[in-house]
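Residue numbers (the numbering used here), protein chains in the order written: chain A, 1 to 220; chain B, 221 to 431; chain C, 432 to 652.
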Amino acid sequence: MNKIFTSLVFLIISGVIVLGLALPIPNIPALGDKARVLYFHVPMSWISVLAFFMSMWYSIRYLKTKDHDYDIRSYSCAQLGFLFCILATATGSLWAKFSWGSFWNWDPRQTSIFILLLIYGAYFALRSAIDSEDQRAKLSSVYAIIAAVTVPFFVFIMPRIVESLHPDPIINTQGKINMDSSMLTVFISALTGFTMLYLWMLNLKIRVEKINYNKLSINE
Amino acid sequence: MKSIEIVCDNLSKIYSGKVIFKNLSLKLTTGNSISILGKNGSGKSTLIKILSGIISANKGSITVSEDNIPVPANLCYSRIGLISPYLNLYDELTASENLRFFCGLRNNSNDGMEEKIEFYLNRVKLFDKRNETVKNYSSGMKQKLKLIFAVINQPRILYMDEPSTNLDTEGIDIVYETAEKHKKNGILIVATNDKEDIKLCESSLNIEDYK
Amino acid sequence: MLLKNSYLVFKKDLSSELRTRYVINSLLMFVLVTISIIRFAIGDERADNEILTGLLWIAVFFTSVSGLSRTFVKEEEKETSVALKLSTGSDSVILGKLIFNMVLTFSLNALILLLFVIITDYQIKNLPGFLIVLVFGNLGLVSASTIIAAIISKANSKGTLYPVLSFPVLLPLLITVINATKLASLGVETDKLFGEIQILISYFIVVTVASLMLFKYVWED
């Protein structure tokens, strides 16, 4: 099962990379070939938000059950979310360099992802400042939840108030999709492929963290 | 008066990978008293903290019931009195302000509160110093004030962690007298290594047996 | 019972603070230092309202992250939290501390604003609108800083951790409130600030409800 899953991930992502670079891009005004970054940037951003909310979800589960398993899951989600968040920031600012002229312009979207990076950073800083495992799990869970209830203010409300130059997210306000069928296929496969990659990495990460945790309790 | 009972089932506490105690079960009812023994650092205080609900155990359960009806976990604190070295009262407030504050939190009305505070302060001979800030108290005087804090709300279960530290003989007598009086209607749990303290209790538990 | 106990906790904190003046004294000095630095940086020139509003909020933010944690940190450091835990439920503790921090923040901010206006010649064209925004902004600021203060009171390196943890959580609020106070100071009508005020109110409600629900996990050890 696991083997089928990993080979599927491998196939889809290789396909996305090849087709994403090779297939012709429809003529989107002001974007052109630069629109290809969408196959990578959007999945990365999506996963960094997904991982963040998964981490919050596991935090809630931890506080309800006090089962350490959930803390391990929450922490693993946060670590991977942080990685994807960095990747999303990097791909985004590369694109911004060529479209807007500089790597960083404090566009509301860029500010949002910056906040997400800060929250992940703060979460790890908090974790490393608490010695007792139970306390660490509990307090970082509470912080993750508090941060998660304030994130929607950023990601959803701010861009509506401050004008953004960011191209409309996947489905824009009119509900139209600005992609032709071949582009859409690659895009959807990219989303699926990277999400699957994330889930596979998450599974590995959780197993590693569990081994570390158990080793700690046996050794001492 | 209602009967009181505390039941602990298979308690275990692990702190950063180290077993403090495991599979500790205990059942005490009205009139019971027990002393908890063990070397320094063996986890006596941890057990007291867990029993009084200040920290939680990793495994196992604690149930406090009155007339066989379990008291909800978030209300257990209102049945408990605790005197211990890691519990301090507010330094910058006076003795009577401290007691008024803690009494006010526990009771719905202030009726008879002043008389009660006066009675207890007289009892430990701190009445003359009631308007001095606790900061200026000696450690023995602080210990006496903490004793009042522990018993002023008529707790059903009284935990005493090293109760006679810093006390003069007169103070120790007051502690013992209070403990004896409490035993008649409640449960007494003492964590100590002092030979005299142990005599207060009818049974004992050595925490080293649960490693 | 809940309200009475919250009030008692608030009263206790207030009277012990008035007696030791631990937080107030250091915060007053902090405010003076910050405002004088701003004064020396600007010199005799009159800066634009855009810049001045930012400076004002820098003073407000750092004053609150250096003072609001004290109420929880003190309970842990002096080991008085156990006595409090054995006397009342967690809800009254967080409510009491929240009210205390509000009183502290509101009085300090009144002072900061007054000094700031005197020293930098900051002109507020729509004063009622400005004050409304300031009040709602402060409500959200206090409720977020209070729950984070409770979290860091259990961690090591409390001082440095506090701004690190509060900043990302407070940023949506700060951006909104800075923008709204700037507009108000430039003379924008109050009803045009309604969108911002709505965000501030909902931020306050969301964070306060979350704090009340989560505090019991922070408070128990």
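Here a beta-carbon is modelled for each residue, glycine too, at the ideal position from N, C-alpha and C.
Here the structure is a predicted model, which is why all the values come from computation and not from measurement.
Enclosing alpha helix (DSSP H) for residue 600 (chain C) [first to last residue]: On the third sequence, position 169 is the one that residue 600 (chain C) refers to. Membership of residue 600 (chain C) in the alpha helix (DSSP H) is indicated by the continuous run 589-616.
Chain-ordered residues of the stretch 591-607 of chain C with a beta carbon less than 9 Å from chain A: Going along the stretch 591-607 of chain C in chain order, one finds 591, 592, 595, 596, 597, 598, 599, 600, 601, 602, 603, 604, 606, 607 with a Cβ nearer than 9 Å to chain A.
Residue 240 (chain B) in three-state terms, based on DSSP: Position 20 of the second sequence, counting from 1, holds the residue named residue 240 (chain B). Here residue 240 (chain B) sits in strand by DSSP.
Selection of the stretch 137-154 of chain A by Cβ proximity to chain C, strictly under 7 Å: The residues in question are 138, 139, 142, 143, 145, 146, 147, 149, 150, 153, 154.
Test: residue 107 (chain A) CB closer than 9 Å to a CB of chain C: The count along the first sequence starts at 1 and reaches residue 107 (chain A) at position 107. Output row for residue 107 (chain A): interface = no.
Chain-ordered neighbours of residue 115 (chain A) on chain C, where CB pairs are closer than 7 Å: Sequence index remark: in the first sequence, residue 115 (chain A) carries index 115 (1-based). Result: 599, 602.
Integer Cβ distance of residue 494 (chain C) from residue 458 (chain C), believed to fall under 8 Å: Within the third sequence, the letter at position 63 stands for residue 494 (chain C). Within the third sequence, the letter at position 27 stands for residue 458 (chain C). Going by Cβ atoms, the distance from residue 494 (chain C) to residue 458 (chain C) rounds to 6 Å, so yes, they are a contact pair.
Residue range of the unbroken alpha helix (DSSP H) whose run includes residue 62 (chain A): The sequence position of residue 62 (chain A) within the first sequence is 62, counting from 1. For residue 62 (chain A), the uninterrupted alpha helix (DSSP H) segment begins and ends at 38-65.
Neighbour flag for residue 324 (chain B) against chain C, beta carbons, 9 Å: One-based indexing of the second sequence puts residue 324 (chain B) at position 104. Yes, because at least one Cβ of chain C sits closer than 9 Å to the Cβ of residue 324 (chain B).
Residues that residue 254 (chain B) bridges to, as DSSP identifies them: Taking the second sequence and counting its residues from 1, the one referred to as residue 254 (chain B) is at position 34. Answer is B:409, B:423, bridged to residue 254 (chain B).
Minimum Cβ-Cβ distance from residue 468 (chain C) to chain A less than 9 Å: Sequence index remark: in the third sequence, residue 468 (chain C) carries index 37 (1-based). Judged by the 9 Å Cβ criterion, residue 468 (chain C) is not in contact with chain A.
Closest by C-alpha distance to residue 198 (chain A), when choosing among A:79, A:33, A:131: Here the question's residue 198 (chain A) lines up with position 198 in the first sequence. For the residues A:79, A:33, A:131, the minimum Cα distance to residue 198 (chain A) belongs to A:79.
Beta-carbon proximity list for residue 373 (chain B), same chain, < 6 Å, skipping 5 on both sides: The residue given as residue 373 (chain B) occupies position 153 in the second sequence. Excluding residues within five positions, the ones whose Cβ falls inside 6 Å are 326.
8 Å Cβ cut-off: residues of chain B touching residue 131 (chain A): Start at 1 with the first residue of the first sequence, and residue 131 (chain A) comes out as number 131. Neighbours of residue 131 (chain A) in chain B, taken as residues whose beta carbon is under 8 Å from its own, are 236 in chain order.
Nearest candidate by alpha-carbon position, reference residue 230 (chain B), set B:221, B:242, B:222: Residue mapping note: residue 230 (chain B) aligns to position 10 of the second sequence, counting from 1. Shortest Cα-Cα distance from residue 230 (chain B) to any of B:221, B:242, B:222 involves B:242.
Same chain only: Cβ atoms within 6 Å of residue 82 (chain A), ignoring 5 sequence neighbours per side: Here residue 82 (chain A) refers to the residue found at position 82 of the first sequence. Beyond the five residues adjoining it in sequence on each side, residue 82 (chain A) comes within less than 6 Å, by CB distance, of 120 in the same chain, given in chain order.
Delimiting residues of the beta strand (DSSP E) encompassing residue 280 (chain B): Translated into the one-based positions of the second sequence, residue 280 (chain B) becomes position 60. That run of the beta strand (DSSP E) goes 279-286.
Residue 642 (chain C) beta carbon less than 9 Å from that of residue 538 (chain C): The count along the third sequence starts at 1 and reaches residue 538 (chain C) at position 107. The count along the third sequence starts at 1 and reaches residue 642 (chain C) at position 211. Not a contact, by the Cβ cut-off of 9 Å.
Backbone secondary structure at residue 134 (chain A) - three-state DSSP: The count along the first sequence starts at 1 and reaches residue 134 (chain A) at position 134. In the displayed model, residue 134 (chain A) falls within a helix according to three-state DSSP.
Beta-carbon contacts of residue 310 (chain B) that lie in its chain and below 6 Å, excluding the five residues immediately before and after: The residue given as residue 310 (chain B) occupies position 90 in the second sequence. Counting only Cβ-Cβ distances below 6 Å, and skipping sequence neighbours, we find 318.
Pair within 9 Å by beta-carbon distance, residue 115 (chain A) and residue 594 (chain C): Against the first sequence, residue 115 (chain A) aligns to sequence position 115. Against the third sequence, residue 594 (chain C) aligns to sequence position 163. For the pair residue 115 (chain A) and residue 594 (chain C), the CB atoms are not nearer than the 9 Å cut-off.
Inter-residue Cα distance where the pair is residue 56 (chain A) and residue 147 (chain A): Taking the first sequence and counting its residues from 1, one reaches residue 56 (chain A) at position 56. Taking the first sequence and counting its residues from 1, one reaches residue 147 (chain A) at position 147. Counting only the Cα atoms, residue 147 (chain A) lies some 9 Å from residue 56 (chain A).
Under the three-state DSSP convention, the category residue 584 (chain C) falls into: Reading the third sequence from its first residue, position 153 is the one you call residue 584 (chain C). DSSP places residue 584 (chain C) in the coil class of the three-state scheme, outside both helix and strand.
At least three beta-carbon pairs within less than 8 Å, the stretch 272-282 of chain B to the stretch 445-459 of chain C: No, because fewer than three Cβ pairs between the stretch 272-282 of chain B and the stretch 445-459 of chain C fall closer than 8 Å, the two stretches do not touch.
Residue 211 (chain A) (DSSP reduced to helix, strand or coil): As a working note, residue 211 (chain A) is residue 211 in the first sequence. Here residue 211 (chain A) sits in helix by DSSP.
Residue nearest to residue 604 (chain C) in terms of C-alpha spacing, selected from C:647, C:491, C:500, C:520: What you label residue 604 (chain C) is simply residue 173 of the third sequence in a count that begins at 1. Restricting attention to C:647, C:491, C:500, C:520, the CA atom closest to the CA of residue 604 (chain C) is found in C:491.
At least 3 beta-carbon pairs within less than 8 Å: the stretch 542-556 of chain C vs the stretch 103-114 of chain A: Touching, no.
Within chain A, partners of residue 442 (chain C) - CB distance below 8 Å: Within the third sequence, residue 442 (chain C) is the residue found at index 11, counting from 1. Going along chain A, no residue has its Cβ under 8 Å from residue 442 (chain C), so there is no contact; the nearest lies around 27 Å.
Chain-order list of residues whose beta-carbon lies under 6 Å from that of residue 570 (chain C) (same chain, five-residue window excluded): Position 139 of the third sequence, counted from the first residue, corresponds to residue 570 (chain C). Cβ within range, chain order: 635.
Local Cβ density within 10 Å of residue 431 (chain B), reported as buried at 16 or more and exposed below that: One-based indexing of the second sequence puts residue 431 (chain B) at position 211. Looking at its Cβ environment, which holds fewer than 16 other Cβ atoms inside 10 Å, residue 431 (chain B) is exposed.
Within-9 Å CB hit, residue 566 (chain C) to chain A: Counting from one through the third sequence, the residue named residue 566 (chain C) turns up at place 135. The beta carbon of residue 566 (chain C) sits no closer than 9 Å to any beta carbon of chain A.
Length of the line joining the Cα atoms of residue 402 (chain B) and residue 408 (chain B): The sequence position of residue 402 (chain B) within the second sequence is 182, counting from 1. The sequence position of residue 408 (chain B) within the second sequence is 188, counting from 1. Approximately 7 Å between the Cα atoms of the pair.
N- and C-terminal bounds of the beta strand (DSSP E) containing residue 318 (chain B): For the purposes of this step, residue 318 (chain B) is identified with residue 98 of the second sequence, where counting begins at 1. It is not in any beta strand (DSSP E) - residue 318 (chain B) instead sits in the alpha helix (DSSP H) that spans 315-326.
Sequence-distant residues of the same chain with beta carbon closer than 6 Å to residue 240 (chain B), five excluded per side: Here residue 240 (chain B) refers to the residue found at position 20 of the second sequence. Hits under 6 Å: 233, 263, 266.
Min CB distance residue 447 (chain C) to chain B below 9 Å: As a first step, residue 447 (chain C) must be located in the third sequence, where it is residue number 16. Yes, its Cβ sits closer than 9 Å to a Cβ of chain B.
Option nearest residue 632 (chain C) by Cα separation, candidates C:580, C:461, C:470, C:607: For the purposes of this step, residue 632 (chain C) is taken as residue 201 along the third sequence, with counting starting at 1. Nearest option by C-alpha distance: C:607.
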